[in-house]
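>
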Amino acid sequence: MSRIHLPASGLAEDMLLNDKEQSEGFHLVTFNLGEEYAVPISQVYEIVRVGNITMVPNSPSYMEGVINLRGKVLPVLNLRKRLNLSGKDITKSSRIVVTEVGSKVIGLLVDAVSHVIKVSSEFVETAPEEVLEIDTDYITGVGKLKDRLIILLDLEKLLKREKFDIKDGGNNGEKN
Amino acid sequence: MDYIALLKDYLDDANSHLAVFDDSLMALESNGFNNDLVMRVLGALHTLKGNSGMMGFESLKVYIHNIEELLKQVNDNEIELVEIIAGLLDSANVIRNALQQIEKNPDASPDLGEDILTVQQLLNGSGNESEKKSVELSSYLGTKTDTIKVDFKRLDDLLNLVGELVIYKTRLNQIETEIRGVVNNKPLTKELKDGLEFMGKIIAGLQEGIMRARMLPVNHVFSKFPRMVRDLAKSQGKEIQLLFEGEDTELDKTVIDELEEPLLHIIRNAIDHGIEVSRDRVNKGKAQKGTIVLSAAQESNYVIIKVRDDGKGIDFDSVREAAVKKGLIKPEDAPDKDNIISLIFSAGFTTKNEATDISGRGIGLDVVSRNISKLNGHVTVDSIPEKETSFTIKLPLSLAIIPALMAEAGDEVYAIPMSAVDESIKVREEDIHVINNHEVIRFRERVLPVIRLNDFFGLNRKRKKRFYLVILGRADRRIAIAVDRLRGQQEIVIKPLDETFGKSYGIAGASILGDGRIVLIVDVMSFWNGRNKISFEEQKPNNV
Chain A
166 MSRIHLPASG LAEDMLLNDK EQSEGFHLVT FNLGEEYAVP ISQVYEIVRV GNITMVPNSP
226 SYMEGVINLR GKVLPVLNLR KRLNLSGKDI TKSSRIVVTE VGSKVIGLLV DAVSHVIKVS
286 SEFVETAPEE VLEIDTDYIT GVGKLKDRLI ILLDLEKLLK REKFDIKDGG NNGEKN
Chain B
21 MDYIALLKDY LDDANSHLAV FDDSLMALES NGFNNDLVMR VLGALHTLKG NSGMMGFESL
81 KVYIHNIEEL LKQVNDNEIE LVEIIAGLLD SANVIRNALQ QIEKNPDASP DLGEDILTVQ
141 QLLNGSGNES EKKSVELSSY LGTKTDTIKV DFKRLDDLLN LVGELVIYKT RLNQIETEIR
201 GVVNNKPLTK ELKDGLEFMG KIIAGLQEGI MRARMLPVNH VFSKFPRMVR DLAKSQGKEI
261 QLLFEGEDTE LDKTVIDELE EPLLHIIRNA IDHGIEVSRD RVNKGKAQKG TIVLSAAQES
321 NYVIIKVRDD GKGIDFDSVR EAAVKKGLIK PEDAPDKDNI ISLIFSAGFT TKNEATDISG
381 RGIGLDVVSR NISKLNGHVT VDSIPEKETS FTIKLPLSLA IIPALMAEAG DEVYAIPMSA
441 VDESIKVREE DIHVINNHEV IRFRERVLPV IRLNDFFGLN RKRKKRFYLV ILGRADRRIA
501 IAVDRLRGQQ EIVIKPLDET FGKSYGIAGA SILGDGRIVL IVDVMSFWNG RNKISFEEQK
561 PNNV
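Protein chains in written order, with our numbering: chain A, 166 to 341; chain B, 21 to 564.
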């Protein structure tokens with residue numbers, strides 16, 4: 166399994182050349198799920214290619230399974246399924262974005278990782294509910310970059326909500 | 021703990037206190053009076069005194085008591101430190117000699133009559149520079165200690181490293197097999213094989229050594245209960261004695277730590293629901309005093325812990341009634357003793373109408389079953405009405421590394437903990453029969469229910485003509501798990517699954533194989549629970 170590290174240098178700097186004029190702001194990692202989505206780079210640990218994913222039986226359908234990340238058993242969440250978007254098969258460009266929120270490390274399966282971009286804090290606007298396919302609860306906001314619309318995900322809410330969901334409905338069939 | 025072991029502990033402890041005493045005296049001698057130091061000395065002496073008294077070394081106890089008095093007077097400024105420091109330094113040697121005597125001949129309590137007089141003279145201020153006893157040089161060597169205290173984290177780290185080593189050893193063995201197939205150089209491949217075998221032995225030794233280092237006698241947890249039993253028995257007006265058997269059986273510290281809560285619940289249950297009040301017992305012709313026996317024994321790679329009480333046993337009818345009330349079973353279900361009795365492990369189960377202080381709130385036994393399952397163990401219960409109830413807990417010696425049977429189902433490989441496996445057999449599709457809509461197999465004069473792992477986990481089912489059955493045993497019940505192929509037995513290192521997966525029914529954890537592949541560890545408990553569910557549903561009338 167090869168890895169592409171996305172530190173603040175390297176790739177990020179290349180991308181920044183386009184946005185020289187913006188001196189203040191923060192970095193986002195953008196990825197594709199039909200629409201373009203993004204999470205703050207501070208929450209991204211690394212990005213790995215999709216290797217062997219071991220399916221975990223009787224887990225929520227959006228849990229893709231577990232992968233071996235250098236000797237650690239890492240859970241992988243299928244972000245499309247989690248956000249109730251239509252499904253798409255894993256392709257060559259599929260990636261797992263390993264995120265770290267609080268003490269929780271979890272991999273997010275996405276169609277493709279696009280870019281690291283630097284944006285100013287004014288970039289983010291409140292999401293207009295009617296234009297979005299997904300639940301606005303999970304969204305920090307949307308941003309327009311040239312002609313692109315980028316949806317900012319609130320991972321903390323997404324992961325917290327999900328834990329809650331499991332407690333509610335995850336014990337089907339459990340008897341003891 | 022036997023006397024020899026206790027004595028060893030005492031001596032180790034005493035020597036460390038003596039060292040504190042010595043060090044502090046030296047510091048006092050060179051730096052003069054210092055309240056903190058004196059308090060430190062007093063603390064060390066006090067413990068030593070108490071321990072010596074407990075071990076029956078009366079004279080040593082009295083001697084240390086006198087030194088304590090002396091130091092207290094120093095602290096209260098009644099005696100100048102300089103006047104007695106020499107005497108104190110001598111006293112350290114006296115204690116050292118006494119400890120050496122004890123080590124050589126533990127049965128004789130050293131007589132320190134004369135030395136006590138010397139200290140008392142100092143106490144009375146008549147500390148005439150008594151003739152210095154010549155001290156043998158060797159007495160400064162003190163007794164050697166065989167024990168060291170180690171932070172548990174360090175042992176944990178070591179075990180993790182050994183775990184990785186075990187994984188890579190497995191991988192190397194696989195590579196060796198592959199190499200033997202392609203390289204046509206017999207001497208060389210043989211040497212590789214021998215080398216690996218030798219390394220394997222050393223790794224196994226290392227693993228065992230570290231696991232041993234992490235073990236504690238179960239007495240660590242057993243000893244927490246006598247007081248609880250006494251208090252609870254008293255509050256309920258019952259007479260109960262708690263007996264231990266095999267309390268020096270050793271278990272991994274992490275298992276010991278996790279064992280306390282389940283045992284607590286089981287013992288509470290025995291006191292509350294099991295043992296009768298004395299009057300009832302006498303009327304029934306039983307001994308007036310009820311007995312709870314807590315026993316531990318090692319059986320190969322497992323430890324069996326039993327809690328047995330000679331109380332009134334489990335009343336099957338009221339368990340059945342309560343289960344029906346809770347909707348766990350239907351009134352028309354067949355009264356199968358095994359099934360009924362295992363219901364008491366269900367969440368929120370209670371037969372008592374009113375909750376007592378101690379148990380009966382409907383929490384407890386489900387916690388037991390869950391906790392034990394978490395430790396990759398099993399708990400079973402058996403009962404003879406009006407005679408006894410016994411809970412049997414079977415636990416692996418270690419939490420971190422367990423032997424497992426690797427089985428293929430669908431496209432995945434699953435690890436089945438060997439603790440649950442009785443045996444495995446190869447069968448053909450036509451050996452499986454269907455009774456009452458359920459697949460069964462006739463095996464050794466018994467009819468065992470068959471659960472196909474593929475179906476259980478919702479995997480693709482490859483219909484194979486020949487496949488394998490893994491027979492799992494729990495008490496005297498057997499169940500057959502159908503898998504596509506067996507890959508043999510292997511030691512696996514358990515890694516917990518992230519809570520994101522919820523309870524992921526049927527999975528107890530994950531492990532990483534030598535080739536980097538992840539296998540999931542099957543939670544064998546779920547098969548038994550699943551079986552209950554099936555058999556109850558099956559008897560629902562007009563079940564569609």
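By construction, the Cβ of each residue, glycine as well, lies at the ideal position given by its N, Cα and C atoms.
If you compare alpha carbons, which of T520/B, L533/B, H240/B is closest to N223/A?
That would be T520/B, whose Cα lies nearest to the Cα of N223/A.
> Taking the Cβ atom as the reference point for each residue, do V231/A and V221/A lie within a distance shorter than 8 Å?
In this structure, V221/A lies closer than 8 Å to V231/A by Cβ.
> Helix, strand or coil for K69/B, going by three-state DSSP, please let me know.
Helix at K69/B.
> Using the Cβ count rule (16 or more neighbours within 10 Å means buried), how would you classify I445/B?
Counting Cβ neighbours within 10 Å, I445/B comes out exposed, since fewer than 16 surround it.
> Quick one: list the residues of chain B neighbouring G236/A, beta-carbon separation under 8 Å, in chain order.
Simply E184, I532.
> Per the contact definition of three or more C-beta pairs closer than 8 Å, is the stretch 423 to 433 of chain B in contact with the stretch 451 to 471 of chain B?
Output reads no: the stretch 423 to 433 of chain B does not touch the stretch 451 to 471 of chain B.
> What does a CB cutoff of less than 7 Å around G361/A pick up in its chain, not counting 5 residues either side in sequence?
The structure shown does not extend to residue 361/A, since chain A spans only 166 to 341, so no value can be given for it.
> Which residues bound the beta strand (DSSP E) around T138/B?
Taken as a continuous stretch (DSSP letters only), T138/B belongs to no beta strand (DSSP E), being part of the alpha helix (DSSP H) at 133 to 143.
> Can you name the residues of chain B whose CB is closer than 8 Å to the CB of I271/A?
The answer, in chain order, is D518, T520.
> Taking N125/B as the reference, which of R299/B, L31/B, S111/B, G526/B has the closest Cα?
Among R299/B, L31/B, S111/B, G526/B, the Cα nearest to that of N125/B belongs to L31/B.
> Check whether the stretch 210 to 223 of chain B touches the stretch 259 to 272 of chain B, counting contact only when three or more Cβ pairs, one atom from each stretch, lie closer than 8 Å.
As far as the Cβ criterion goes, the stretch 210 to 223 of chain B does not touch the stretch 259 to 272 of chain B, which means the pair count is below three.
> Locate the alpha helix (DSSP H) running through G229/B, then write down its first and last residues.
Per DSSP, G229/B belongs to the alpha helix (DSSP H) from 206 to 233.
> Would you kindly check if the distance between the Cβ of I364/B and the Cβ of V339/B is under 8 Å?
Yes, the Cβ-Cβ distance between V339/B and I364/B is below 8 Å.
> For N303/B and V297/B, I'd like the C-alpha separation in whole angstroms.
Answer to the nearest angstrom: the Cα atoms are 10 Å apart.
> For the beta strand (DSSP E) containing F476/B, list its first residue and its last residue.
Note, F476/B: premise wrong, no beta strand (DSSP E); alpha helix (DSSP H) at 473 to 476.
> Would you grab the beta carbon distance between R494/B and S410/B for me? Rounded to a whole angstrom, and I think it's under 8 Å.
Not quite, the Cβ-Cβ distance comes to about 15 Å (not below 8 Å), so this is no contact.
> Under 7 Å Cβ to Cβ from S403/B, same chain only, skipping five residues before and after it: list those, please.
Contacts found: G333, I334, I361, T409.
> Quick check: is the beta carbon of R381/B nearer than 8 Å to any beta carbon in chain A?
At R381/B the pLDDT is 42, less than 50, meaning the model places this residue with poor confidence and gives no usable figure here.
> Enumerate in chain order the residues of its own chain whose CB-to-CB distance from I512/B is below 6 Å, with the five nearest sequence positions on each side excluded.
Around I512/B: A424, A435, S531.
> Does the distance from the C-beta atom of G526/B to that of F476/B stay below 8 Å?
Against a cut-off of 8 Å, the Cβ pair of F476/B and G526/B comes out as a contact.
> Could you check whether the Cβ of N249/A sits closer than 8 Å to any Cβ belonging to chain B?
Not closer than 8 Å to any Cβ of chain B, the Cβ of N249/A fails to qualify, so no.
> Just to confirm the assignment, what range does the alpha helix (DSSP H) spanning E281/B have?
Start and end: 273 to 289.
> Output the boundary residues of the alpha helix (DSSP H) element that contains K346/B.
That residue, K346/B, is in no alpha helix (DSSP H); it is neither H nor E in DSSP.
> Measuring only the C-alpha atoms, how far is F245/B from I230/B?
Using only the alpha carbons, I get a separation of about 29 Å.
> Can you give the Cα-Cα distance for V266/A and Y210/A, rounded to whole angstroms?
Spanning the two alpha carbons is a distance of roughly 10 Å.
> Are the stretch 64 to 72 of chain B and the stretch 31 to 41 of chain B touching by the rule of at least three beta carbon pairs closer than 8 Å?
Touching, yes.
> Is there a Cβ from chain A that is less than 8 Å from the Cβ of F477/B?
It does: the Cβ of F477/B has a partner Cβ on chain A nearer than 8 Å.
> Would N243/A count as contacting chain B if we go by Cβ distances under 8 Å?
Not an interface residue.
> Just by C-beta distance, which residues in the stretch 197 to 219 of chain A are closer than 8 Å to chain B?
So the list reads N217, T219, given in the order they occur along the chain.
> What residues from chain B crowd round V231/A, counting only those whose CB sits closer than 9 Å?
Result: L517, D518, F521, A530, I538, L540.
> Is any beta-carbon of chain B found at less than 8 Å from that of V263/A?
No, because no Cβ of chain B sits closer than 8 Å to the Cβ of V263/A.
> Please confirm if the stretch 92 to 112 of chain B is in contact with the stretch 45 to 57 of chain B, defined as three or more CB-CB distances below 8 Å between the two stretches.
Verdict: yes, contact present.
> To the nearest whole angstrom, what separates the beta carbons of L198/A and L244/A, a pair I think is in contact under 8 Å?
L198/A to L244/A, Cβ: 6 Å. Contact.
> DSSP on V542/B, reduced to helix/strand/coil?
Strand at V542/B.
> Note the first and the last residue of the continuous beta strand (DSSP E) segment covering R483/B.
Premise fails: R483/B is in no beta strand (DSSP E) and is neither H nor E.
> Taking 8 Å as the CB-CB limit, is E511/B close to chain A?
Judged by the 8 Å Cβ criterion, E511/B is not in contact with chain A.
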